[in-house]
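>
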Amino acid sequence: MVHRIVRKRPLIPGRTSELVIYAPHIAAKARPGNFVILRVHDKGERIPLTIANVERNDGTITLVYLVLGKTTALLDTLHAGDAILDLCGPLGKPTAIRRRPAPVVCVGGGTGIAAMHHIAKGHRLAGNMVIGIIGARSKDLLLFEPELRLVCHEVLVATDDGSRGRKGLVTALLEERLAGEGRVAEVLAVGPVPMMAAVSEVAGRFGVPCQVSLNAIMLDGIGMCGACRVTVGGETRFACVDGPEFDGAKVDFRELSQRLTAFRPQERHAYEELEKSHVCRCAN
Amino acid sequence: MPTRSWKKAMSAAAPTEPSRIRPPRTAMPEQPAGQRVGNFDEVALGYTPDMARAEAVRCLACKKPGCVAGCPVGIDIPGFITALAAGDVPRAYAVIRRANSLPAVCGRVCPQESQCERGCVLGLKGEPVAIGRLERYVADTFMADGACAVLTGAAACPPPVAKTRVACIGSGPASLTVAGTLVTRGIAVDVYEALHEPGGVLVYGIPEFRLPKAVVRREIAALKSLCVRFFTNWVGGRTVMVPELLDQGYEAVFIGIGAGLPVFLDIPGESRIGVFSANEYLTRVNLGRAYAFPEWDTPVYPGRRVVVFGAGNVALDAARTAVRLGARSVSIVYRRSENEMPARAEEIRHAREEGVGFVCLHAPVAFGGDAQGRLASVRLQRMRLGEPDASGRCRPVACEGAFCEIEADIAIVAVGTRANPLLPRSTPGLLVNRRGYISVTEATGETTLPMVFAGGDIVTGAATVISAMGAGRRAAEAISRRLLG
Ligand SMILES: Cc1cc2nc3c(=O)[nH]c(=O)nc-3n(C[C@H](O)[C@H](O)[C@H](O)COP(=O)(O)OP(=O)(O)OC[C@H]3O[C@@H](n4cnc5c(N)ncnc54)[C@H](O)[C@@H]3O)c2cc1C
Ligand code: FES
Chain A
751 MVHRIVRKRP LIPGRTSELV IYAPHIAAKA RPGNFVILRV HDKGERIPLT IANVERNDGT
811 ITLVYLVLGK TTALLDTLHA GDAILDLCGP LGKPTAIRRR PAPVVCVGGG TGIAAMHHIA
871 KGHRLAGNMV IGIIGARSKD LLLFEPELRL VCHEVLVATD DGSRGRKGLV TALLEERLAG
931 EGRVAEVLAV GPVPMMAAVS EVAGRFGVPC QVSLNAIMLD GIGMCGACRV TVGGETRFAC
991 VDGPEFDGAK VDFRELSQRL TAFRPQERHA YEELEKSHVC RCAN
Chain B
61 MPTRSWKKAM SAAAPTEPSR IRPPRTAMPE QPAGQRVGNF DEVALGYTPD MARAEAVRCL
121 ACKKPGCVAG CPVGIDIPGF ITALAAGDVP RAYAVIRRAN SLPAVCGRVC PQESQCERGC
181 VLGLKGEPVA IGRLERYVAD TFMADGACAV LTGAAACPPP VAKTRVACIG SGPASLTVAG
241 TLVTRGIAVD VYEALHEPGG VLVYGIPEFR LPKAVVRREI AALKSLCVRF FTNWVGGRTV
301 MVPELLDQGY EAVFIGIGAG LPVFLDIPGE SRIGVFSANE YLTRVNLGRA YAFPEWDTPV
361 YPGRRVVVFG AGNVALDAAR TAVRLGARSV SIVYRRSENE MPARAEEIRH AREEGVGFVC
421 LHAPVAFGGD AQGRLASVRL QRMRLGEPDA SGRCRPVACE GAFCEIEADI AIVAVGTRAN
481 PLLPRSTPGL LVNRRGYISV TEATGETTLP MVFAGGDIVT GAATVISAMG AGRRAAEAIS
541 RRLLG
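Protein chains in written order, with my numbering: chain A, 751 to 1034; chain B, 61 to 545.
This is how it looks when you write it as structure tokens:
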């Protein structure tokens, strides 16, 4: 099975792109909250990426990545028409989506906004009232806002520098919303660990349940190694099969951010070697 | 064939007086310990033709061979050794292949000392014939091309009849055996594997220095040449469901997904950076070739002081891997005594030679570390041996108040694995037992779902390559009886 890139769209030049990939057998099964594991060359490592969208009729899935290390840098050298060497999925438990009497608030930060999009879309299709809250440092780093406007009833934006929407953090917008009129059924957050921790804290204060999607380090993605283990409510869980979504109030975020640094020196080294090796990166 | 040296070997090995004095077992040439700790190349180098013949002529070709009774797949051992002694390697290969579709693998990793070689009469007074080494020699010497002719006696395999198709989920030895058996009977087989490389534990678990991946790739290439198709990155229960496969026209499904879920110790600090399951550590190094980082992208780091918990083959593999990655010290920590260690004697000897330390009668109670969440030490409790338990081994009993702390920046937990519930949970009607293993009718491997079979570690719990192959064999027989009548 060859998985070709149908379309590539730079979202933040040189940093973040969107790939639409032909993978009908994955598209047929993928549900909001699922992820894939991919490898881009025959000596490559396996990395997880959350599925940002699925077009079942076209047989495609959409992935959005931030160039962070060697694998994403190599992924970024691929163009439309190129194949992804290994693509495995859909993995993880899908988001528990059911009909809710009150709005669902979906919070996204960084590339997590794209991942959150698929979940927001799922809630919308289930007939729920969906409010999107997204944030970035500045408006150039904000992604998927137009896509979210298509699936959310309302989209609130915050940027650190105030270049778009409210100046400040997504948590401020969330807090206002939760303090305001009308009940909120559920909060869901996808993004950097500190953001998810802060969102969980705010939701907890208002007594609203909050799901977070955890981006742990993964290897096989099917529960065979425990690299992805996270502590939830004092118990060890595997993010790849028990998650990736968990009750934010119970997640040990400190441990998660520590575990994410496990291979930092090696990752940096590999990336530097790649930079030195003059791989053409002019794919955009 | 170097006939001259063959004759020389014969005369050296078989004294004219075939009396009590049998020549000693031919030693396996090995990479010296000092050298092999610095590479991932195979430790056992394999017999030369002379050595193989010298060893083959030791076999008495017993009428009632104890060795065959000890072989889980019933290879005609005297048959292949006699062929080998006569210099007919292709025939020896054909004899082995009739019962065993992965001889180059089994010759290397089977626990022969507790199976075929235990039944060898020569073992009563001296040392048994080195059956495993001979099996390996035959498989390595006889290159797998033309496998079809050897297996079926026909110039080409019966072309798979497109309408009889069987799917295997998982690509470990159990599934490979099912595929190898069915395809030579004209049944088309597709193998669906979750990882990006087929082979199961043979690829992600057992290290290169015990089982070179080239050997596994060769066995898989032989299956591909017989038209077995491999679909990697397909997860049963996620990408494809068992009932779907039957709907898509597969007439039977075989589930051989192994028992890959790692068991952790469940003690404080186990989520610290530097604590790995043996599966993670070995998968990084074997499947991800992390020993060749950064040429290969999957990272691992050597660590300075490595402790490994457990004393089975998996623990020993992890410890010997750590040595090769360059750890300054590597210790096995085991809660019983040396006598109870489940690993093969040869592995323990190899590990010792490579400088692995053994701390017996100690059990971990907590992991300690720094504020960044990294592992720095392990707290151990002294144990003593109590009454024998159900397995017949003495139960370890904690010594009250006897604790000690050892330094460690990598800890590898190798205390076993369990059934991965992912596929069973997504397959309605598939019955599993209390521990999550799939329930089957033993003789056929059939599950509670019609035309769905299972075998290997997912049925028995973690066992051996050869027992998984035996289960694959039984299921393949049952499937072909059903499909071909
Ligand atoms: C480190 C280590 C060393 C060992 N050493 C020895 C030894 O020296 N000698 C010996 O005899 N035995 C040894 N064993 C045990 C032996 O390897 C196993 O008993 C044997 O491989 C089991 O075979 P299997 O076919 O049941 O499954 P496995 O070899 O476990 O293969 C199962 C395959 O299924 C795949 N899979 C899992 N879930 C799914 C799914 N849902 N969909 C698709 N694919 C899936 C897995 O990725 C895997 O590739 C060792 C095991 C380990 C871990
Ligand atoms: S990634 Fe290996 S268990 Fe989750």
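For glycine and all other residues, C-beta sits at the position ideal for the given N, C-alpha and C. Everything numeric in this text was worked out from a predicted model, so none of it was measured.
1. Pull out every residue of the stretch 920-948 of chain A whose Cβ sits closer than 8 Å to any Cβ of chain B, in chain order.
2. So, at 8 Å on beta carbons, what are the nonlocal neighbours of HIS775/A in its own chain, with the 5 sequence-adjacent residues on each side left out?
3. Heavy atom of ligand 1 less than 8 Å from the Cβ of VAL525/B, yes or no?
4. Would you say the beta carbon of CYS131/B comes nearer than 8 Å to a heavy atom of ligand 2?
5. Check whether the stretch 789-802 of chain A touches the stretch 758-767 of chain A, counting contact only when three or more Cβ pairs, one atom from each stretch, lie closer than 8 Å.
6. Based on Cα-Cα distance, which residue from ILE883/A, CYS960/A, GLY998/A lies nearest to ALA935/A?
7. Report yes or no: is there a C-beta of chain B within less than 9 Å of the C-beta of ILE972/A?
8. DSSP state of TYR341/B, grouped into three classes?
9. How many angstroms separate the CA atom of ALA248/B from the CA atom of GLY316/B?
10. Any beta carbon from chain B within less than 9 Å of ARG796/A's own beta carbon?
11. Going along chain A in order, which residues have a C-beta closer than 8 Å to the C-beta of VAL525/B?
12. Within the 9 Å Cβ cut-off, does HIS868/A reach chain B?
13. At what residues does the beta strand (DSSP E) containing ASP449/B begin and finish?
14. Which residues mark the beginning and the end of the alpha helix (DSSP H) in which VAL473/B is found?
15. If you draw a straight line from the C-alpha of GLY415/B to the C-alpha of VAL390/B, how long is it?
16. Rounded to a whole number of angstroms, what is the C-alpha to C-alpha distance between PRO83/B and ARG118/B?
17. Going by Cα to Cα distance, which pick from GLY860/A, ILE881/A, CYS990/A is closest to SER888/A?
18. If you follow the alpha helix (DSSP H) that THR487/B is in, where does it begin and where does it stop?
19. Could you tell me whether any non-hydrogen atom of ligand 2 is closer than 8 Å to the CB of ILE883/A?
20. Have a look at GLU546/B and ARG157/B and give me their C-alpha separation to the nearest angstrom.
21. Taking Cβ positions only, does SER331/B come closer than 9 Å to chain A?
22. Tell me which residues of the stretch 244-271 of chain B have at least one Cβ-Cβ distance to chain A shorter than 7 Å, keeping chain order.
23. Is LEU1006/A closer than 9 Å to THR964/A when the C-beta atoms are compared?
24. For the stretch 493-545 of chain B, list the alpha helix (DSSP H) runs that are entirely contained and at least 4 residues long, ordered along the chain.
25. What does the alpha-carbon distance come out to for the pair LEU347/B and VAL263/B?
26. Taking Cβ to Cβ, would you say LEU490/B is nearer than 9 Å to THR507/B?
27. By how many angstroms is the C-alpha of THR244/B removed from the C-alpha of SER65/B?
28. Helix, strand or coil for GLY858/A, going by three-state DSSP, please let me know.
29. I'd like to know whether the C-beta atoms of CYS127/B and PRO171/B end up nearer to each other than 9 Å.
30. Tell me where the beta strand (DSSP E) around THR800/A begins and ends.
31. Of all the options VAL492/B, PRO481/B, CYS131/B, which has the alpha carbon lying nearest to the alpha carbon of GLY842/A?
32. Less than 9 Å between the beta carbons of VAL438/B and ALA468/B, yes or no?
33. Could you tell me whether any Cβ in chain B is nearer than 9 Å to the Cβ of LEU964/A?
34. Taking the alpha-carbon positions, what's the SER499/B to PRO163/B distance?
35. Comparing the C-beta of GLY192/B with each C-beta of chain A, is any distance below 9 Å?
36. Cβ of GLY839/A less than 9 Å from any chain B Cβ?
Straight from the coordinates:
1. none
2. Position 25 of the first sequence holds residue 775/A. MET751.
3. The residue you call residue 525/B lines up with position 465 of the second sequence. VAL525/B: yes, Cβ under 8 Å from ligand 1.
4. Here residue 131/B refers to the residue found at position 71 when the second sequence is read from its first residue. Checking every heavy atom of ligand 2 against the Cβ of CYS131/B, none is found closer than 8 Å.
5. no
6. For the purposes of this step, residue 935/A is taken as the residue at position 185 of the first sequence. The option with the nearest alpha carbon to ALA935/A is CYS960/A.
7. Taking the first sequence and counting its residues from 1, the one referred to as residue 972/A is at position 222. By this cut-off, ILE972/A is an interface position.
8. Position 281 of the second sequence holds residue 341/B. In the structure shown, TYR341/B sits in a helix (DSSP, three-state: H, G or I).
9. Looking up residue 248/B in the second sequence gives position 188. Looking up residue 316/B in the second sequence gives position 256. For ALA248/B and GLY316/B, the distance between alpha carbons rounds to 17 Å.
10. Within the first sequence, residue 796/A is the residue found at index 46, counting from 1. Output row for ARG796/A: interface = yes.
11. Here the question's residue 525/B lines up with position 465 in the second sequence. In chain order: nothing, as chain A lies at least about 18 Å away.
12. The sequence position of residue 868/A within the first sequence is 118, counting from 1. So no, HIS868/A is outside the interface.
13. In the second sequence, residue 449/B corresponds to position 389, counting from 1. Unbroken run through ASP449/B: none, as it is neither H nor E.
14. Residue numbering aside, residue 473/B sits at position 413 when the second sequence is read from its first letter. Segment 470-473 is the beta strand (DSSP E) holding VAL473/B; no alpha helix (DSSP H) there.
15. What you label residue 415/B is simply residue 355 of the second sequence in a count that begins at 1. What you label residue 390/B is simply residue 330 of the second sequence in a count that begins at 1. Cα to Cα, GLY415/B sits roughly 8 Å from VAL390/B.
16. Position 23 of the second sequence, counted from the start, is the residue given in the question as residue 83/B. Position 58 of the second sequence, counted from the start, is the residue given in the question as residue 118/B. Approximately 7 Å between the Cα atoms of the pair.
17. Locating residue 888/A in the first sequence gives position 138, counting from the first residue. Of the listed residues, the one whose Cα sits closest to SER888/A is GLY860/A.
18. Position 427 of the second sequence, counted from the start, is the residue given in the question as residue 487/B. Premise fails: THR487/B is in no alpha helix (DSSP H) and is neither H nor E.
19. For the purposes of this step, residue 883/A is identified with residue 133 of the first sequence, where counting begins at 1. Flag unset: Cβ of ILE883/A not near ligand 2.
20. Past the boundaries of the shown model lies residue 546/B; chain B is included only from 61 to 545, so the question cannot be answered.
21. On the second sequence, position 271 is the one that residue 331/B refers to. Closer than 9 Å to some Cβ of chain A, the Cβ of SER331/B qualifies, so yes.
22. ALA254, LEU255, HIS256
23. Here the question's residue 964/A lines up with position 214 in the first sequence. Here the question's residue 1006/A lines up with position 256 in the first sequence. Sequence check: residue 964/A is Leu here, not Thr. A contact, by the Cβ cut-off of 9 Å.
24. 517-520, 525-544
25. To locate residue 347/B, count along the second sequence from 1; it is residue 287. To locate residue 263/B, count along the second sequence from 1; it is residue 203. Going from the Cα of LEU347/B to the Cα of VAL263/B covers about 6 Å.
26. Working through the second sequence from its first residue, we reach residue 490/B at position 430. Working through the second sequence from its first residue, we reach residue 507/B at position 447. A contact, by the Cβ cut-off of 9 Å.
27. For the purposes of this step, residue 65/B is identified with residue 5 of the second sequence, where counting begins at 1. For the purposes of this step, residue 244/B is identified with residue 184 of the second sequence, where counting begins at 1. Per-residue confidence for SER65/B stands at a pLDDT of 44, beneath the threshold of 50, marking its modelled position as unreliable; no derived number is given.
28. The count along the first sequence starts at 1 and reaches residue 858/A at position 108. Reduced to three states, the DSSP call for GLY858/A is strand.
29. Translated into the one-based positions of the second sequence, residue 127/B becomes position 67. Translated into the one-based positions of the second sequence, residue 171/B becomes position 111. The answer is no: Cβ separation not under 9 Å.
30. As a working mapping, residue 800/A is identified with position 50 in the first sequence. Taken as a continuous stretch (DSSP letters only), the beta strand (DSSP E) holding THR800/A covers 797-805.
31. In the first sequence, counting from the first residue as 1, residue 842/A sits at position 92. Looking at the Cα atoms, PRO481/B is the closest of the given residues.
32. For the purposes of this step, residue 438/B is taken as the residue at position 378 of the second sequence. For the purposes of this step, residue 468/B is taken as the residue at position 408 of the second sequence. Yes, the pair counts as a contact, with Cβ atoms nearer than the cut-off.
33. Counted from its first residue, the first sequence places residue 964/A at position 214. Cβ-Cβ to chain B under 9 Å: no for LEU964/A.
34. By one-based count along the second sequence, residue 499/B stands at place 439. By one-based count along the second sequence, residue 163/B stands at place 103. Cα to Cα, SER499/B sits roughly 28 Å from PRO163/B.
35. Within the second sequence, the letter at position 132 stands for residue 192/B. So no, GLY192/B is outside the interface.
36. Residue mapping note: residue 839/A aligns to position 89 of the first sequence, counting from 1. Yes - at least one Cβ of chain B is within 9 Å of the one on GLY839/A.
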